[in-house]
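For reference, the structure discussed in these notes is given below.
Numbering (my numbering), first residue to last: 699 to 881.
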């Protein structure tokens, strides 16, 4: 069953590889009588439980790291806002007429930094919170979503919040596997 490797990979995000393999082995034995849906529900329940344990055991550290990640994100956000103002002014002056922000170039300009900064902040949190990478990222994603949703008068706040929720854990997984591969 090739999905066993996927289940081990999911659990290895929140625990050691040996423990993930052991847990998946136990779930596979029980899944023979209970079914595939039960197996995947068990994998997801176990991952969520281990993730919550990491948050509950060290709430101050995980929250502090998440706030530190949010401070970095806000700094990058402010820097990019300044660069966007300069770029927008320069482009408007070069063309001599008003710019249309609906063009694909401007949409990529405004979206790319969210993707890149979220991925890098996920890696940064993975480096700062060894063995609790995803716990710090989940708390960070909640804080960044609140930060992005506060001024939500348009749909860009929802889009940015969703990007943070999806991309930051990818950066943390990248950082975790890079760190574990080095040992």
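Glycine included, every Cβ here is placed at the ideal spot set by N, Cα and C.
- Roughly how many angstroms separate the alpha carbons of residue 839 and residue 716, rounded to a whole number? To locate residue 839, count along the chain shown from 1; it is residue 141. To locate residue 716, count along the chain shown from 1; it is residue 18. Each residue's alpha carbon lies about 28 Å from the other.
- Apart from the five residues on each side of it in sequence, which residues of its chain come closer than 7 Å, Cβ to Cβ, to residue 851? In the chain shown, residue 851 corresponds to position 153, counting from 1. The predicted position of residue 851 is uncertain, since its pLDDT is 48 and thus under 50; no value can be drawn from it.
- Message: Just to confirm, is the Cβ distance from residue 873 to residue 833 under 8 Å?
- Response: Walking along the chain shown from the start, residue 873 turns up at place 175. Walking along the chain shown from the start, residue 833 turns up at place 135. The answer is no: Cβ separation not under 8 Å.
- Task: Take the Cβ of residue 727 as the centre, count every other Cβ of all protein chains shown within 10 Å, and call the residue buried at 16 or more, exposed below.
- Result: If you number the chain shown from 1, residue 727 lands on position 29. Exposed, because fewer than 16 other Cβ atoms sit within 10 Å of the Cβ of residue 727.
- Message: My parser needs the beta strand (DSSP E) runs of 3 or more residues fully inside the region 706-745; what are they?
- Response: Correct list: empty.
- Item | In chain order, each beta strand (DSSP E) run of at least 3 residues that lies wholly inside the region 820-844 | None, since the region 820-844 contains no complete beta strand (DSSP E) of that length.
- Task: Report buried or exposed for residue 777, applying the criterion of at least 16 other Cβ atoms within 10 angstroms of its Cβ.
- Result: Here the question's residue 777 lines up with position 79 in the chain shown. Residue 777 counts as exposed, since fewer than 16 other beta carbons sit within 10 angstroms of its beta carbon.
- Decide if residue 867 is buried, meaning its Cβ has at least 16 other Cβ atoms within 10 Å, or exposed. To locate residue 867, count along the chain shown from 1; it is residue 169. Within a 10 Å sphere around the beta-carbon of residue 867 sit 16 or more other beta-carbons, which makes this residue buried.
- Per the contact definition of three or more C-beta pairs closer than 8 Å, is the region 706-713 in contact with the region 738-754? A contact between stretches requires three or more CB pairs, one per stretch, nearer than 8 Å, and the region 738-754 meets this requirement with the region 706-713.
- Three CB pairs or more closer than 8 Å across the region 810-830 and the region 751-761: Contact between the region 810-830 and the region 751-761 is present, because at least three Cβ pairs lie under 8 Å.
- Counting only the same chain and skipping the five closest in sequence on each side, list residues whose C-beta sits under 7 Å from that of residue 721. As a working note, residue 721 is residue 23 in the chain shown. Once the five neighbours on either side are set aside, the close Cβ partners of residue 721 are 709 and 744.
- Message: Looking only at its chain, what residues have a beta carbon closer than 7 Å to the beta carbon of residue 719, apart from the 5 residues adjacent to it on each side?
- Response: One-based indexing of the chain shown puts residue 719 at position 21. The residues are 706.
- Burial state of residue 806, where buried means 16 or more other Cβ atoms lie within 10 Å: If you number the chain shown from 1, residue 806 lands on position 108. The residue in question, residue 806, is exposed, as its Cβ has fewer than 16 Cβ neighbours within 10 Å.
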